[in-house]
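The structure under discussion appears below in the form of structure tokens.
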Amino acid sequence: MERTPAAVMTFHGADWLERPTREEEERPDDVIREMGLKEGDVAVDMGCGTGYFARRMAKAVGATGKVYGVDIQPEMLDYLREFCKKEGLTNVEPVLGGEVDPKLPPNSIDWMILVDVYHEFQQPAPMLAKMREALKPGGRIALIEYRMLGDTAKHIKTEHRMSVKQVLAEWNPAGFELVDLIEFLPAQHFFIFQKRPDRGESGGKS
Ligand SMILES: C[S@@+](CC[C@H](N)C(=O)[O-])C[C@H]1O[C@@H](n2cnc3c(N)ncnc32)[C@H](O)[C@@H]1O
Numbered sequence: 002m003e004r005t006p007a008a009v010m011t012f013h014g015a016d017w018l019e020r021p022t023r024e025e026e027e028r029p030d031d032v033i034r035e036m037g038l039k040e041g042d043v044a045v046d047m048g049c050g051t052g053y054f055a056r057r058m059a060k061a062v063g064a065t066g067k068v069y070g071v072d073i074q075p076e077m078l079d080y081l082r083e084f085c086k087k088e089g090l091t092n093v094e095p096v097l098g099g100e101v102d103p104k105l106p107p108n109s110i111d112w113m114i115l116v117d118v119y120h121e122f123q124q125p126a127p128m129l130a131k132m133r134e135a136l137k138p139g140g141r142i143a144l145i146e147y148r149m150l151g152d153t154a155k156h157i158k159t160e161h162r163m164s165v166k167q168v169l170a171e172w173n174p175a176g177f178e179l180v181d182l183i184e185f186l187p188a189q190h191f192f193i194f195q196k197r198p199d200r201g202e203s204g205g206k207s
């Protein structure tokens, strides 16, 4: 791997994840709309922090759906629980993941999102393998990372940004194919990946 993973953002900075300017900067509702989550979908917010995206996804998948909020910091999951309680959300399940294992049931996930998280994985390869295992055939992943190239994300430290080339160099060999690269966000790339079927496996979206 030709980059050094960034340090994990600690829970002491949780307020920053809920900053009021974030709606304008990261357009979370537009991201969720673009994903096209359906009622009843099983979704994951990987590296969920306070659940800024998980809570929005929970509304999109409705009472018949479910969102796993995975994080390696129990304190972040406490914030997630608190926010869900305050907002009356009952379909979010906090999951304490490990550094190399998100602890998700295999073959069970329709959609996963990673926002400002992947560059923090200290061991991305085993995480990608476990995430792939958790997806249903045809399951998809939305990956959002600050742009490395150009000026749009120059306010962000270099190790917290990624180029398209860097992402594809790690995700393609891990068994994912790029379905779309969407560029409406002010400072971030928005990738959609699909699990590439193993030989003999059906790749159809269920
Ligand atoms: C910058 S925060 C982003 C939080 C959230 N995705 C958001 O956009 O509000 C990164 C989060 O990823 C989590 N994280 C880092 N490595 C992880 C891993 N291997 N598995 C699960 N979560 C991880 C951190 O604990 C932290 O809460």
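The working numbering applies: residue 2 is where the sequence shown begins, and numbers increase by one.
Glycine included, each C-beta is placed from N, C-alpha and C at the ideal position.
**Study point:** DSSP state of H120 mapped onto helix, strand, coil
**Key:** helix
Practice item. Within its chain, find whatever has a CB closer than 8 Å to the CB of E171; leave out the 5 residues flanking it on each side and keep chain order. Key: M2, P125, A126 and L129
Review point. So, helix, strand or coil for L105, using DSSP?
Key: coil
Review point. Going by the C-beta, is T159 closer than 7 Å to any heavy atom of ligand 1?
Key: no
Practice item. Return the chain-ordered list of same chain residues with a C-beta closer than 6 Å to the C-beta of V93, the five sequence neighbours on each side being excluded. Key: A55, A59, V68, G70 and C85
Check your understanding: Closest to T65 by CA distance: which of D42, M47 and K87 is it?
Key -> D42
**Study point:** Three-state secondary structure assigned by DSSP to F185
**Key:** coil
Review point. Helix or strand or just coil, what does DSSP make of A59?
Key: helix
Check your understanding: Are there 16 or more other CB atoms within 10 angstroms of the CB of T51, so buried, or fewer, so exposed?
Key -> buried
Practice item. Could you tell me which uninterrupted beta strand (DSSP E) segments, each at least 3 residues in length, are contained entirely in the region 14-51, listed from first to last along the chain? Key: 43-47
**Study point:** Coarse secondary structure for V68, derived from DSSP in three states
**Key:** strand
Point to revise | Strand pairing of R162, partner residues [DSSP] | key: Y147
Exercise for review: Determine, using beta carbons only, whether V62 comes closer than 8 Å to chain B.
Suggested key: The chain labelled as chain B is not found in the depicted structure, where only one protein chain is given.
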